[in-house]
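Q: There's a structure below that I have some questions on.
In the working numbering, the protein residues as written are 100 to 662.
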């Protein structure tokens with residue numbers, strides 16, 4: 100972090116150093132005391148796994164000369180200790196610089212002690228930590244205001260960004276070039292205390308403990324102005340993770356038009372979802388259905404590890420896309436999915452997921468041959484993810500040796516492990532996309548003012564998601580109340596709710612949230628209006644557009660004989 104310039108007064112640099120440490124030094128632990136050293140304690144107020152608890156840090160810095168004062172700090176917060184930047188409104192940079200951040204943007208408090216060498220004893224300065232508008236590509240940014248009690252020293256105002264570690268997905272805070280002098284006078288930073296709120300002033304949860312049990316460690320690396328280095332750790336123990344819920348769900352959609360028969364290469368989408376407040380997903384294993392596998396020739400074309408780490412995998416190694424949605428971010432993480440060389444020579448290739456966004460993450464899944472062809476992601480970050488989607492491009496990686504549109508329904512096998520040690524294992528039936536749907540329509544009482552219509556759409560093996568029935572020019576949809584009373588949509592499990600059926604001037608639309616193999620639409624009573632004469636026996640067209648669960652649309656042209 101580049102230090103912000105002081106507004107006035109040479110001694111203000113001392114208080115800048117104090118503030119920088121307040122933000123950067125989120126935790127430390129005792130180390131062997133030399134002239135330059137660090138000691139401290141860092142722990143949540145509530146040591147319960149997954150709790151929204153205040154996190155308290157008290158740090159002391161050894162030494163008493165300017166060369167023994169800290170210059171560079173790197174703090175490694177424990178994986179799973181995460182804050183929600185959406186828990187409060189955001190303070191703008193202009194508001195921060197004017198010390199005018201709204202009270203409901205505060206997410207912590209800070210207190211520091213600093214001495215001018217050969218001057219008076221150290222003085223305590225107190226301040227607040229605010230949730231600041233982040234810069235592009237940042238998951239969050241915070242601002243500190245330190246307010247001296249006397250009139251000698253002005254306020255200190257600085258900023259700091261959060262940064263995700265690629266190794267274990269914990270947060271790092273880095274502060275460089277902390278000054279050890281102010282206007283030519285040597286200074287020394289003595290101590291610092293910081294409290295991050297578990298609950299924001301808005302009443303929403305801000306900081307969450309890891310969802311695992313056991314010991315959590317905060318690492319600390321520091322360098323003095325004299326060139327000495329010091330490292331330390333601070334640990335705390337969490338319990339109660341077994342009380343956290345863990346119930347991830349998988350939705351699998353397989354199939355593409357023209358690729359669903361034997362020797363086809365259909366697309367595949369898998370979606371893992373979790374509810375808010377659950378333990379994080381540590382391990383996710385998904386085994387493909389019988390007679391569905393990965394193309395060995397595609398697996399042989401691999402992106403190198405350096406290319407993957409640099410986000411520069413060749414196009415021929417890209418097999419799909421990924422998307423992760425987190426309650427901590429308004430913008431989802433998105434990126435490419437590639438076949439990557441194995442980390443262990445001679446092993447099976449990896450599935451590399453390169454997610455871009457405020458919480459940029461690279462994940463590597465291992466291909467499996469036993470208990471069947473599939474993939475497993477291990478060591479997943481303890482970060483709340485509401486929905487994780489993998490979409491494999493048709494005619495690429497996945498291949499089938501059976502007709503997906505024919506029974507039985509393909510079944511995926513899942514094996515999920517939570518950071519709290521709980522597991523969830525079981526089969527999941529796939530939804531099929533890309534088959535050939537069919538439709539038929541019947542029209543009765545065609546010469547009355549309000550004819551009746553029945554439309555039936557069969558997915559042909561596909562799972563239907565949306566259906567639109569367009570009426571011929573002789574018919575229109577009835578008025579709103581009449582349509583609501585007389586129109587009805589029926590799926591596999593029975594009648595759908597009224598909200599699933601929408602009316603247009605000359606069309607009926609059905610949205611089946613959970614999908615259906617067969618969908619029926621009935622219009623009775625006054626749901627339809629005849630606006631032109633219809634001769635008995637006349638053949639009328641009812642264009643129907645069908646969209647399946649894979650997003651594939653099919654236009655059908657059934658006709659009905661007027662009765």
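Quick reminder that beta carbons are idealized off the backbone N, C-alpha and C, glycines included.
With a 10 Å radius around its C-beta and 16 neighbouring C-beta atoms as the bar for buried, classify residue 240 as buried or exposed.
A: By the 10 Å Cβ count, residue 240 comes out buried.
Q: Secondary structure at residue 597, three-state DSSP: helix, strand or coil?
A: In the structure shown, residue 597 sits in a helix (DSSP, three-state: H, G or I).
Q: So, at 8 Å on beta carbons, what are the nonlocal neighbours of residue 202 in its own chain, with the 5 sequence-adjacent residues on each side left out?
A: For residue 202, where only same-chain residues beyond five positions count, the Cβ hits under 8 Å are 300.
Q: If you pair each beta-carbon of the segment 357-364 with each one of the segment 494-511, do three or more pairs fall below 8 Å?
A: Output reads yes: the segment 494-511 touches the segment 357-364.
Q: Quick one: Cα of residue 233 to Cα of residue 404, how far?
A: Their Cα atoms are separated by approximately 31 Å.
Q: Below 8 Å on the Cβ atoms is my guess for residue 510 versus residue 527; work out the distance and round it to an integer in Å.
A: Right, the Cβ-Cβ distance comes to about 7 Å (below 8 Å), so this counts as a contact.
Q: Using a 10 Å radius around the Cβ and a threshold of 16 neighbouring Cβ atoms, would you call residue 550 buried or exposed?
A: The residue in question, residue 550, is buried, as its Cβ has 16 or more Cβ neighbours within 10 Å.
Q: Spatial neighbours of residue 571 within its chain, please: C-beta separation below 8 Å, excluding the five flanking residues on both sides.
A: 639, 640 and 641.
Q: Quick one: what's residue 143 bridged to in DSSP?
A: Answer is 154.
Q: Looking only at its own chain, which residues have a Cβ that is under 7 Å from the Cβ of residue 656, when we skip the five neighbours before and after it?
A: Cβ within range, chain order: 640 and 642.
Q: For residue 532, which residues from the same chain have a beta carbon less than 6 Å from its beta carbon, with the 5 sequence-adjacent residues on both sides left out?
A: The residues are 352, 354, 561, 647, 648, 649 and 651.
Q: Work out the CA separation of residue 504 and residue 607 for me, nearest whole Å.
A: Each residue's alpha carbon lies about 27 Å from the other.
Q: Excluding sequence positions up to five away, which residues of its chain have a Cβ less than 7 Å from the Cβ of residue 229?
A: For residue 229, where only same-chain residues beyond five positions count, the Cβ hits under 7 Å are 190, 195, 200, 204, 205, 206, 241 and 242.
Q: With distance defined between alpha-carbon atoms, name the residue in 163, 519, 193 and 554 nearest to residue 244.
A: Looking at the Cα atoms, 193 is the closest of the given residues.
Q: Spatial neighbours of residue 615 within its chain, please: C-beta separation below 6 Å, excluding the five flanking residues on both sides.
A: Here the set comprises 563, 590 and 591.
Q: What residues in its chain sit with their C-beta under 7 Å from that of residue 644, if we drop five residues either side in the sequence?
A: Here the set comprises 567, 652 and 654.
Q: So is residue 151 buried or exposed if we call it buried at 16+ other beta carbons inside 10 Å?
A: Burial call: buried.
Q: Taking Cβ to Cβ, would you say residue 267 is nearer than 9 Å to residue 483?
A: The answer is no: Cβ separation not under 9 Å.
Q: If you pair each beta-carbon of the segment 334-342 with each one of the segment 451-463, do three or more pairs fall below 8 Å?
A: With a cut-off of 8 Å, the segment 451-463 and the segment 334-342 do not count as touching, because too few Cβ pairs lie within range.
Q: Can you check whether the CB of residue 597 is closer than 9 Å to the CB of residue 580?
A: No. Outside cutoff.
Q: Which term fits residue 307, buried or exposed, when burial requires 16 or more other beta carbons within 10 angstroms of its beta carbon?
A: Buried, because 16 or more other Cβ atoms sit within 10 Å of the Cβ of residue 307.
Q: So, for residue 133: in the same chain, excluding its five sequence neighbours on each side, which residues have a beta-carbon less than 6 Å away from its beta-carbon?
A: At residue 133, the pLDDT of 45 sits below 50, so the modelled position is not reliable and the matter cannot be decided from this model.
Q: Closer than 8 Å: is that where the CB of residue 431 sits relative to any heavy atom of the ligand NAP?
A: For the structure depicted, the ligand NAP is absent and the ligand set is empty, with no information on it obtainable.
Q: What's the call for residue 125, buried or exposed, on a 16-neighbour Cβ count within 10 Å?
A: The pLDDT assigned to residue 125 is 34, lower than 50, so where the model puts this residue is not dependable, and the model offers no usable value.
Q: Quick one: what does DSSP say residue 412 is sitting in, helix, strand or coil?
A: In the structure shown, residue 412 sits in coil (DSSP, three-state: anything other than H, G, I, E or B).
Q: Rounded to whole angstroms, what's the CA-CA distance from residue 665 to residue 430? Just pull it up for me.
A: Past the boundaries of the shown model lies residue 665; the chain is included only from 100 to 662, so the question cannot be answered.
Q: Considering only residues of the same chain and omitting the five flanking positions on each side of residue 379, which have a CB-CB separation below 6 Å?
A: Excluding positions up to five away in sequence, the list reads 310, 481 and 518.
Q: Which residue from 620, 409 and 535 puts its Cα closest to that of residue 554?
A: Selected option, being the one with the closest Cα: 620.
Q: Is it right to say residue 631 is buried, meaning 16 or more other beta carbons lie within 10 angstroms of its own, or is it exposed?
A: Looking at its Cβ environment, which holds fewer than 16 other Cβ atoms inside 10 Å, residue 631 is exposed.
Q: If I measure Cβ to Cβ from residue 262 and keep anything under 6 Å in the same chain, skipping five residues before and after, which residues do I get?
A: The answer, listed in chain order, is 271.
Q: Compare the Cα-Cα distances from residue 547 to each of 476, 617, 612 and 623 and report the closest residue.
A: For the residues 476, 617, 612 and 623, the minimum Cα distance to residue 547 belongs to 623.
Q: Three-state secondary structure (DSSP) at residue 629?
A: Of the three classes helix, strand and coil, the one that applies to residue 629 here is strand, per DSSP.
Q: Considering only residues of the same chain and omitting the five flanking positions on each side of residue 586, which have a CB-CB separation below 6 Å?
A: Excluding sequence neighbours, residue 586 sits near 600, 622 and 626.
Q: Can you tell me which of the three DSSP states residue 195 falls into?
A: Looking at residue 195 - three-state DSSP - the assignment turns out to be helix.
Q: Rounded to whole angstroms, what is the Cα-Cα separation between residue 346 and residue 629?
A: Going by the C-alpha atoms only, they are around 51 Å apart.
Q: For residue 141, which of 416, 460 and 180 has the nearest alpha-carbon?
A: Of the listed residues, the one whose Cα sits closest to residue 141 is 180.
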